[in-house]
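Taking it in order: structure first as structure tokens, then the write-up.
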Amino acid sequence: MDKLLETYYLRQDEPNKSCLLTLRDIILRQHSLMREVRKYGMPCFCYGKKPLCYLWTDDN
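Sequential numbering of the sequence shown, starting at 1410, is according to the working numbering.
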């Protein structure tokens, strides 16, 4: 995992951290072409070269 992405996950408070890491695992296991990249400072999952979803939290 990219160091900046790891930092993104680890700085989240519980239960968000556990939920985001579980979602990450679920998304990445769906297909071998699924990959995780960092866009706009947050995790973005791409299927092949196309963005599929972001994991974003509201810090309000």
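Just so you know, even glycine gets a beta-carbon here, dropped at the ideal spot from N, CA and C.
Going by CA-CA distance only, name the one from the options that's closest to residue i.
i: LEU1437; options: GLY1450, ASP1467, GLY1457, LYS1448; result: GLY1457
i: HIS1440; options: CYS1428, GLN1421, LYS1412, CYS1455; result: CYS1455
Per DSSP, residue i forms a beta bridge with which residues?
i: LYS1458; result: Answer is none; LYS1458 lacks a bridge partner.
Within 10 angstroms of its Cβ, does residue i collect 16 or more other Cβ (buried), or is it exposed?
i: TYR1417; result: buried
i: PRO1452; result: buried
i: LEU1419; result: exposed
Can you list, in chain order, the stretches of the beta strand (DSSP E) that have 3 or more residues and sit fully within the segment 1417-1455?
1443-1448
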